[in-house]
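> Here the protein sequences line up with chains A and B, keeping their order.
For the first sequence, numbering that gives the first Met the number 0 gives the first residue as 0, with consecutive numbering after it.
For the second sequence, numbering that gives the first Met the number 0 gives the first residue as 0, with consecutive numbering after it.
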Amino acid sequence: MTPAALEGFLAVAEPGRRATVTDYRAITGGYSRLSAVAEVRWEDGAFERLVLRGDPPAGDGVFVSDRDAEWRILQALSRARAVPVARPRWYDATGEHFGTKCIVFDHVTGRSLQDVLREAGDDAVCGRAFVDTVAQIHATPLDALGTAVERPANWDDYLDGVLEVYRAVDRQIADSSPVLRYASALLVRHRPPPVPFTLVHGDCQPSNVLVTESGQHVVIDWEFARVGDPREDLGYYTQIPMQPNVYHRDRQAFLARYRERTGLTEEQINPRTVEYFLVVGMAHLLAQILQALDAVSRGESRGVMATYLINAVTHQYSLYLDICRGVTA
Amino acid sequence: MISRPTTEQVLLDCCRVLEHDVLPGLSDETAQVRVVMLGKVLRNAAVRAAHEVAWMREETVQIEAYARAVAAATGSDGLRAAIDELGTGPHGSLHLADVVEVYVHASEALSLALEAALVAGCEELVREGELLLSARLAHENDVVGSWDSTGR
């Protein structure tokens with residue numbers, strides 16, 4: 000992913016319109032994909048700001064996701080208009096131009112909702128707006144997604160499958176994780192009431208919401224999106240360490256707002272069910288971290304991110320054990 | 000061998016060099032984040048170097064006793080096999096790779112013991128197992144301190 004590669008790619012994507020990249024800089028802050036923002040001037044004088052999002056080199060990094068799937072979801076979401084997303088413009092599906100599969104988006108001028116929340120202090124309005132955005136994601140009509148996202152057959156099998164991820168990764172890696180095995184064995188026996196499947200963002204946090212000048216919320220980073228239980232997004236957000244975390248600031252208000260927006264009941268949406276779905280919502284990401292650490296233990300390098308994320312694993316294990324204690328109490 | 004400075008002290012000194020000498024000279028944001036992460040990894044490694052052999056051996060003794068109690072209460076064949084496997088490990092060695100090998104066997108026995116206690120409905124044994132998990136996590140938390148997701 001370089002300015003020259005972008006110019007070459009645009010020449011193919013927009014034949015007959017030559018583009019010059021006038022500025023290009025990498026975006027830091029993501030934990031998985033390579034991102035950059037580029038300013039492009041077309042020979043007809045038009046000016047555009049674009050965002051590039053590609054995979055790191057094979058064997059580098061920790062998190063794995065499918066760019067083809069992300070591209071399909073983004074196109075479906077862009078068409079559905081149920082939740083605002085950055086408009087996906089072009090896709091180098093083979094990596095021929097950028098050396099990696101790469102999605103090119105329109106740049107959205109806005110601030111991270113996490114920054115807005117930080118500045119807002121105790122003002123609860125922005126926190127409520129985040130809940131509304133989460134509910135809006137979950138209200139996306141699944142039919143509008145077409146075949147872009149696979150739909151699980153039924154809720155019980157889906158839950159079993161996700162909890163089995165922990166047992167599978169424990170078998171696969173050289174280290175052993177009794178907390179995961181215990182949580183998996185315990186939670187499969189204590190199921191919360193089901194709710195209908197929805198679109199799940201998969202990395203649901205205010206850092207992935209951009210607030211435009213007009214106040215619109217644009218949701219970004221859809222690489223882990225799937226159809227699943229919407230409480231996975233709520234549970235996932237509870238473990239986000241960046242402050243403020245509006246769930247922890249006022250759990251009851253957060254959940255009451257979410258119930259009001261979705262029509263789900265208190266039996267379905269409460270602190271216990273949200274905790275439960277932290278374990279479910281983190282399953283695939285935690286498994287990927289453990290696989291990366293296993294690679295390091297075999298002598299491979301995954302960059303400093305893998306060993307740094309040992310911290311996150313310990314954090315998750317502590318949360319999981321607390322959740323298990325809550326279930327057995 | 001040179002025993003002082005200890006491995007812990009050597010690693011902490013590396014952290015100081017990274018944070019005070021290297022980091023201020025970096026202008027690239029990605030490199031800055033990596034150095035901060037590396038400092039955290041080295042601090043974690045320093046704590047591990049100082050304590051991990053002792054912690055793993057202490058935990059292994061407690062886990063083995065617990066696993067035997069669960070095996071006696073539940074008659075789990077899988078657990079008995081895991082306890083036998085644990086017994087074959089290189090218990091007499093203090094080399095880290097050997098201590099880790101025994102500890103991984105002990106961890107598998109703990110997993111099986113908790114699962115067997117759950118299936119058998121032995122609530123007291125489940126609670127005892129949770130205490131062992133708490134002790135394990137207390138050591139892990141001593142290693143990592145807080146989690147702050149640097150760079151995000």
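The C-beta atom is built at its ideal place from N, Cα and C for all residues, glycine as well.
Quantities reported herein were computed from a predicted structural model and do not represent experimental measurements.
1) Less than 7 angstroms between the beta carbons of T261 (chain A) and G109 (chain A), yes or no?
2) For the segment 0-11 of chain B, which residues have a beta carbon sitting closer than 9 angstroms to at least one beta carbon of chain A?
3) Closer than 8 angstroms, Cβ to Cβ, to anything on chain A: give me those residues from the segment 27-44 of chain B, in chain order.
4) Across the segment 84-93 of chain B and the segment 143-161 of chain A, are there enough close Cβ pairs to call them in contact, namely three or more that are closer than 8 angstroms?
5) Note down the Cα distance separating T27 (chain A) from M36 (chain B), rounded to an integer number of angstroms.
6) R166 (chain A) CB to nearest chain B CB: under 7 angstroms?
7) Would you say E107 (chain B) reaches chain A, if we count a Cβ-Cβ gap shorter than 7 angstroms as a contact?
8) Have a look at A:A75, A:V133, A:H106 and flag the residue whose alpha-carbon is nearest the alpha-carbon of F253 (chain A).
9) Give the residues from the segment 84-103 of chain B that approach chain A closer than 9 angstroms (Cβ to any Cβ), ordered along the chain.
10) Listed from N- to C-terminal order along the chain, which residues in the segment 162-187 of chain A have their beta-carbon within a distance smaller than 8 angstroms of any beta-carbon of chain B?
11) Please name the residue or residues paired with W70 (chain A) in a DSSP beta bridge.
12) So is H247 (chain A) buried or exposed if we call it buried at 16+ other beta carbons inside 10 Å?
13) Mind pulling the alpha helix (DSSP H) runs of 4 or more residues that sit fully within the segment 235-318 of chain A?
14) According to DSSP, which residues form a beta bridge with I194 (chain A)?
15) Give the residues of chain B in contact with S317 (chain A), contact being defined as C-beta atoms less than 7 angstroms apart.
16) Based on the DSSP secondary-structure assignment, which residues constitute the bridge partners of H216 (chain A)?
17) Let me make sure I understand the geometry here. Which of A:L198, A:G145, A:H216 has the alpha-carbon closest to that of A85 (chain A)?
18) Between A119 (chain B) and the ligand COA, is there a pair consisting of the residue's CB and a ligand heavy atom that are separated by less than 6 angstroms?
19) Considering Cα atoms alone, identify which of A:H96, A:R71, A:C101, A:H200 is closest to V50 (chain A).
20) So is G280 (chain A) buried or exposed if we call it buried at 16+ other beta carbons inside 10 Å?
21) Excluding sequence positions up to five away, which residues of its chain have a Cβ less than 8 angstroms from the Cβ of T5 (chain B)?
22) As a quick exercise: from B:P23, B:L17, B:M55, B:I82, pick the residue whose alpha carbon is nearest that of A137 (chain B).
23) Starting from M281 (chain A), find everything on chain B with Cβ-Cβ shorter than 7 angstroms and list it in chain order.
The short version:
1) no
2) none
3) E28, T29, V32, R33, M36, L37, K39, V40, N43
4) no
5) 13 angstroms
6) no
7) yes
8) A:V133
9) V99, Y102, V103: these are the residues of the segment 84-103 of chain B whose beta carbon lies less than 9 angstroms from some beta carbon of chain A, given in chain order.
10) For chain B, the residues of the segment 162-187 of chain A that bring a beta carbon within less than 8 angstroms of one of its beta carbons are D169, A173, D174, S175, S176, P177, V178, R180, Y181, A184, L185, in chain order.
11) Paired residues: none, contrary to the question.
12) exposed
13) DSSP runs (the alpha helix (DSSP H)) wholly in the segment 235-318 of chain A: 245-248, 250-261, 270-280, 282-296, 303-307.
14) The residue asked about is misnamed: residue 194 (chain A) is Val in this sequence, not Ile. Paired residues: none, contrary to the question.
15) L136, N140
16) In DSSP, H216 (chain A) forms a bridge with A:V210.
17) A:H216
18) Within the structure as shown, the ligand COA is missing, as the structure has no ligands at all.
19) Closest option to V50 (chain A), Cα to Cα, is A:C101.
20) buried
21) A48, A49
22) B:M55
23) The contacting residues do not exist; M281 (chain A) stays about 13 angstroms from chain B at best.
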